[in-house]
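Novice: Can you read through this structure? Questions will come right after.
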Amino acid sequence: MVAKDSTILHGELFPIVRIMITQFWKRKFAHQMVSPVLIISLMGFKARVIEAYFEDQTLVMRPTNMYGFTHANPAAFKTFVQWYMGPPIEDTIRAS
């Protein structure tokens with residue numbers, strides 16, 4: 000199955016949820032109310048970034064568009080670096 004910009008595949012969703020559950024069970028995350036996860040999903044020569052977190056008992060997933068890497072694509076590379084190197088901007092300890 001090929002992902003489109005508006006769809007999330009099982010192979011993307013399951014690792015995200017598994018990482019979140021693992022984070023909630025770790026002692027250093029015991030007081031965290033939000034478990035943000037950032038993954039880079041690779042599918043052949045295409046890739047996208049997916050940001051996911053729980054907010055008010057809802058799983059929020061924000062995928063970027065699919066970017067092709069069959070040819071040099073500096074705009075896509077720049078987008079991926081910005082997502083990966085960007086600082087966190089929200090408080091993860093707030094009570095829900």
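End of the sequence shown sits at 95 in numbering that gives the first Met the number 0; the numbers just go up one at a time, nothing left out. For every residue, glycine included, the Cβ atom is placed at its ideal position computed from N, Cα and C.
Output needed for P14: all residues of its chain with C-beta closer than 7 Å, excluding positions within five of it in sequence on either side, in chain order.
Specialist: Here the set comprises I38.
Novice: Might you give, ordered along the chain, the residues of its own chain that have their beta carbon closer than 6 Å to the beta carbon of K45, omitting 5 neighbours on each side?
Specialist: Within the same chain, K45 has close Cβ partners M65, G67.
Novice: Report back the beta-carbon spacing between S34 and Q22 to the nearest angstrom; my notes put them in contact at under 8 Å.
Specialist: Yes, they are in contact, since the Cβ atoms of S34 and Q22 sit about 5 Å apart, within 8 Å.
Novice: One question on the structure: do M103 and A51 come within less than 8 Å of each other, judged by their Cβ atoms?
Specialist: Given that the chain is displayed from residue 0 to residue 95, the structure contains no residue 103 and the question cannot be resolved.
Novice: Quick one: what's got a C-beta closer than 7 Å to L58's C-beta in the same chain, skipping five residues either side?
Specialist: Answer for L58: A51, listed in chain order.
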